[in-house]
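Protein chains in written order, with the working numbering: chain A, 368 to 462; chain B, 112 to 596.
Every residue, glycine too, gets a C-beta built ideally from N, C-alpha and C.
It should be emphasised that the depicted structure is a prediction, and the values quoted were computed from it without experimental measurement.
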């Protein structure tokens with residue numbers, strides 16, 4: 368076993384997902400199969416190989432710091448599940 | 112005559128000659144969608160009103176003679192593209208009510224050329240899938256056999272072109288999501304070099320791999336569409352600032368004297384015999400057209416699926432953190448505080464495959480596992496890119512199958528994610544390497560399912576593979592066959 372139900376529960380918490388006991392069981396089996404498969408990468412010796420984050424060799428992409436027309440408050444908030452006084456409204460954070 | 116048999120170029124000629132108006136063309140297109148989409152489910156949203164309004168504007172432009180390349184031509188885009196004031200769901204329940212406040216650059220470029228956007232195409236949720244079965248809007252059906260998948264994740268984009276609903280579409284390709292459905296539906300699909308087309312406004316799945324690609328009924332239309340959407344965009348810092356050639360200009364350059372590589376790792380024992388036969392015949396056609404064919408090796412091919420899924424899932428887990436019920440999309444809140452709201456929203460809004468990838472990606476990036484999984488995969492990615500770099504010093508382009516089997520049955524692989532992932536073995540390596548590739552029809556299986564041929568080109572050599580594809584299309588007539596619906 369690469370991963371057990373406790374590990375999966377921990378990962379679900381990190382990912383902000385809640386899984387039912389049954390889903391947890393299925394997820395553990397499926398994650399275990401995939402993690403078992405990707406283990407094959409360890410057959411390769413990658414000592415001294417540079418990791419590749421991107422297909423295009425690039426460093427920072429800078430632009431001129433010019434003022435442009437923003438999308439505006441109305442457009443920004445048009446999809447908000449809840450809003451008040453031109454702000455996104457969220458559940459109470461501090462008890 | 113049926114308008115849906117025409118190419119973009121033929122439509123344009125008729126529009127310019129006044130034999131046809133954009134309103135007529137758009138109405139025909141909308142009727143075709145109405146008549147066939149109850150069987151296919153290729154569309155998530157049809158924009159009838161907006162399309163007819165755009166067609167009316169196009170007709171005015173055509174009358175005054177100032178009509179850019181796609182004026183009045185109905186086009187549809189995958190529901191992953193932000194489209195101003197149109198619902199954009201990405202195939203997910205979590206974006207069910209999301210109305211785009213802006214246009215993706217690729218969509219804006221289509222509009223600049225006068226295209227009439229008729230709707231948004233069905234797809235695997237967040238582009239995660241190889242079958243278009245993972246959509247909150249339901250399964251897409253293959254027009255050649257309604258009991259089979261159209262491929263994915265851009266299944267709607269390929270099915271809509273194959274069935275003549277629209278003449279061309281845009282999809283996205285992260286690990287084969289344009290090429291594999293194009294192959295399964297018998298149409299032409301191209302994944303440009305990473306950086307060739309702006310990703311601005313394209314809902315992100317795996318940002319170091321995602322690329323926008325056109326789907327069309329023939330190579331020339333595909334070339335035309337690529338020319339419209341390609342180019343540097345200041346809004347996407349990963350788009351590359353190099354000139355966009357006229358992809359139509361030398362399309363008939365032929366393949367005489369070209370050196371084609373056949374990577375031996377792509378011609379394996381498990382390859383479906385019908386596919387092997389069709390691809391072997393295509394190799395012969397290229398030899399008859401004057402190309403030289405040599406065997407080459409991409410030794411790390413067997414590691415590409417594992418490498419891809421680790422990288423894609425890790426990037427996905429990060430990209431999809433934004434769906435938190437705060438700024439847009441679904442919110443589920445039963446009063447358990449902020450964290451509770453996040454969990455309820457995400458658990459209710461994401462489908463099973465998306466959750467699986469978020470979970471695996473989160474695990475691969477989590478403390479104690481990052482080096483063993485994510486960093487290891489990034490190093491293997493370097494080796495895979497080096498494979499391509501090495502073969503491209505020996506040959507002009509590569510020729511391979513697109514998928515190991517023709518379209519599979521709906522439901523066949525749904526409960527075995529790993530088997531589904533393995534079906535992407537021939538398309539994934541090019542995304543990891545960042546180079547360009549396309550799929551074009553090269554035959555049919557015994558049970559009348561389309562088979563695709565993949566041409567893989569050097570970075571930014573889209574013109575070269577389009578020329579090679581065009582030469583093959585002129586020598587054969589596989590793209591002329593259309594499914595009966």
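**OP:** Locate the beta strand (DSSP E) running through residue 508(B), then write down its first and last residues.
**Re:** Within the second chain, numbered from 1, the residue matching residue 508(B) stands at position 397. Per DSSP, the continuous beta strand (DSSP E) segment holding residue 508(B) begins and ends at 508–512.
**OP:** Let me know the secondary structure DSSP gives residue 112(B) once reduced to three states.
**Re:** Here the question's residue 112(B) lines up with position 1 in the second chain. Confidence is the limiting factor: at residue 112(B) the pLDDT is only 38, short of 50, which leaves the residue's position unreliable and the question unanswerable from this model.
Original post:
Quick one, which of 560(B), 478(B) and 376(B) has its alpha-carbon nearest residue 595(B)'s?
Top reply: Looking up residue 595(B) in the second chain gives position 484. Comparing alpha-carbon positions, the option among 560(B), 478(B) and 376(B) lying closest to residue 595(B) turns out to be 560(B).
Original post:
Does DSSP put residue 406(B) in a helix, in a strand, or in coil?
Top reply: For the purposes of this step, residue 406(B) is taken as residue 295 along the second chain, with counting starting at 1. Three-state DSSP puts residue 406(B) in a strand.
**OP:** Report buried or exposed for residue 573(B), applying the criterion of at least 16 other Cβ atoms within 10 angstroms of its Cβ.
**Re:** Counting from one through the second chain, the residue named residue 573(B) turns up at place 462. Residue 573(B) is classed as buried because its beta carbon has at least 16 other beta carbons within 10 Å across all chains shown.
Original post:
Does residue 433(B) get closer than 8 Å to chain A when you measure Cβ to Cβ?
Top reply: The sequence position of residue 433(B) within the second chain is 322, counting from 1. Not an interface residue.
Original post:
What separation, rounded to the nearest whole angstrom, lies between the Cα atoms of residue 89(B) and residue 462(A)?
Top reply: What is shown of chain B runs 112 to 596, which leaves residue 89(B) out entirely.
Original post:
In the segment 175–224 of chain B, which residue ranges form an unbroken alpha helix (DSSP H) of at least 4 residues, counting only runs that do not cross its ends?
Top reply: Those alpha helix (DSSP H) runs which fall completely within the segment 175–224 of chain B and span 4+ residues are 216–223.
Original post:
With a cut-off of 8 Å, do at least 3 Cβ pairs link the segment 184–197 of chain B to the segment 209–216 of chain B?
Top reply: yes
Original post:
Within 10 angstroms of its Cβ, does residue 339(A) collect 16 or more other Cβ (buried), or is it exposed?
Top reply: Residue 339(A) lies beyond the stretch modelled for chain A, which goes from 368 to 462, so this question has no answer here.
**OP:** Quickly, what does DSSP pair residue 372(B) with across the bridge? List them, please.
**Re:** Along the second chain, one-based indexing puts residue 372(B) at 261. Note: residue 372(B) sits in a beta bridge opposite 405(B) and 509(B).
Original post:
Is the Cβ of residue 528(B) closer than 8 Å to any Cβ of chain A?
Top reply: The residue given as residue 528(B) occupies position 417 in the second chain. At least one CB of chain A lies nearer than 8 Å to the CB of residue 528(B).
Original post:
For residue 292(B), does the three-state DSSP call read helix, strand or coil?
Top reply: As a working mapping, residue 292(B) is identified with position 181 in the second chain. Reduced to three states, the DSSP call for residue 292(B) is helix.
Subject >> Contact set between residue 467(A) and chain B, taken where Cβ atoms lie within less than 7 Å >> reply: For chain A, the structure presents residues 368 to 462; residue 467(A) sits outside this window and is missing.
Original post:
Which partner residues does residue 547(B) have in the DSSP bridge list?
Top reply: Position 436 of the second chain holds residue 547(B). 568(B), per the DSSP bridge assignment.
Subject >> Members of the segment 428–454 of chain A that neighbour chain B once the beta carbon cut-off is set at 8 Å >> reply: Answer set for the segment 428–454 of chain A: 428, 430, 438, 442, 443, 445, 446, 447, 448 and 449.
Original post:
At what residues does the beta strand (DSSP E) containing residue 392(A) begin and finish?
Top reply: Here residue 392(A) is taken as the residue at index 25 of the first chain, counted from 1. No beta strand (DSSP E) holds residue 392(A); the alpha helix (DSSP H) holding it covers 388–405.
Original post:
In three-state DSSP terms, what is residue 266(B)?
Top reply: What you label residue 266(B) is simply residue 155 of the second chain in a count that begins at 1. Reduced to three states, the DSSP call for residue 266(B) is helix.
Original post:
Looking at C-alpha atoms only, which residue of 168(B), 145(B) and 143(B) is the closest neighbour of residue 132(B)?
Top reply: Start at 1 with the first residue of the second chain, and residue 132(B) comes out as number 21. Checking every option, the nearest Cα to that of residue 132(B) belongs to 168(B).
**OP:** With a cut-off of 8 Å on the beta carbons, I'd call residue 535(B) and residue 416(B) a contact; round off their distance for me.
**Re:** Start at 1 with the first residue of the second chain, and residue 535(B) comes out as number 424. Start at 1 with the first residue of the second chain, and residue 416(B) comes out as number 305. About 7 Å separates the beta carbon of residue 535(B) from that of residue 416(B), a gap short enough to meet the 8 Å contact definition.
Subject >> Nearest candidate by alpha-carbon position, reference residue 324(B), set 293(B), 352(B), 495(B) and 587(B) >> reply: Here residue 324(B) refers to the residue found at position 213 of the second chain. Nearest option by C-alpha distance: 293(B).
Subject >> Cβ of residue 397(A) within 8 Å of any chain B Cβ >> reply: Numbered from its first residue, the first chain carries residue 397(A) at position 30. Yes, contact with chain B.
**OP:** Return helix, strand or coil for residue 562(B), following the three-state DSSP convention.
**Re:** Taking the first residue of the second chain as 1, we reach residue 562(B) at position 451. If DSSP states are grouped into helix, strand and coil, residue 562(B) belongs with the strands.
Subject >> Neighbour list for residue 437(B) in chain A, Cβ cutoff strictly below 7 Å >> reply: To locate residue 437(B), count along the second chain from 1; it is residue 326. Those are 455 and 457, listed as they occur along chain A.
Subject >> Test: residue 368(A) CB closer than 8 Å to a CB of chain B >> reply: Taking the first residue of the first chain as position 1, residue 368(A) is located at position 1. Chain B, which has no Cβ nearer than 8 Å to the Cβ of residue 368(A), makes this no.
Subject >> Min CB distance residue 452(B) to chain A below 8 Å >> reply: Sequence index remark: in the second chain, residue 452(B) carries index 341 (1-based). Answer yes: the Cβ-Cβ gap between residue 452(B) and chain A drops below 8 Å somewhere.
Subject >> Proximity test, Cβ basis, 8 Å: residue 169(B) and chain A >> reply: Sequence index remark: in the second chain, residue 169(B) carries index 58 (1-based). False, the Cβ-Cβ gap to chain A never drops below 8 Å.
Original post:
Under 8 Å between the Cβ atoms of residue 390(B) and residue 506(B)?
Top reply: Position 279 of the second chain, counting from 1, holds the residue named residue 390(B). Position 395 of the second chain, counting from 1, holds the residue named residue 506(B). 8 Å or more divides the Cβ of residue 390(B) from the Cβ of residue 506(B).
Subject >> Residues near residue 576(B) by beta carbon distance below 6 Å, same chain, minus five either side >> reply: Position 465 of the second chain, counted from the first residue, corresponds to residue 576(B). Beyond the five residues adjoining it in sequence on each side, residue 576(B) comes within less than 6 Å, by CB distance, of 508, 549, 566 and 568 in the same chain, given in chain order.
Subject >> For residue 232(B), the nearest candidate out of 176(B), 283(B), 476(B) and 130(B) (CA to CA) >> reply: The residue you call residue 232(B) lines up with position 121 of the second chain. Residue 232(B) has its Cα closest to that of 283(B), out of 176(B), 283(B), 476(B) and 130(B).
Subject >> Opposing strand residues paired with residue 157(B) [DSSP bridges] >> reply: On the second chain, residue 157(B) is found 46 positions in, with the first residue counted as 1. Its beta-bridge partners are 230(B).
Subject >> Within-8 Å CB hit, residue 596(B) to chain A >> reply: The residue labelled residue 596(B) in the question sits at position 485 within the second chain. Taking Cβ atoms only, chain A never reaches closer than 8 Å to residue 596(B), which makes this a no.
**OP:** Would you kindly check if the distance between the Cβ of residue 239(B) and the Cβ of residue 265(B) is under 8 Å?
**Re:** Here residue 265(B) is taken as the residue at index 154 of the second chain, counted from 1. Here residue 239(B) is taken as the residue at index 128 of the second chain, counted from 1. Contact flag unset, no.
Subject >> Per-residue contacts from residue 318(A) into chain B (C-beta, under 7 Å) >> reply: What the structure shows of chain A is the stretch from 368 to 462, and residue 318(A) is not part of that stretch, so it cannot be assessed.
**OP:** Find out if the Cβ-Cβ distance for the pair residue 542(B), residue 420(B) is shorter than 8 Å.
**Re:** Taking the first residue of the second chain as position 1, residue 542(B) is located at position 431. Taking the first residue of the second chain as position 1, residue 420(B) is located at position 309. In this structure, residue 420(B) does not lie closer than 8 Å to residue 542(B) by Cβ.
Original post:
Counting only beta-carbon atoms, is residue 407(A) nearer than 8 Å to chain B?
Top reply: Along the first chain, read from residue 1 onward, the residue named residue 407(A) stands at position 40. Chain B contact via Cβ: present.
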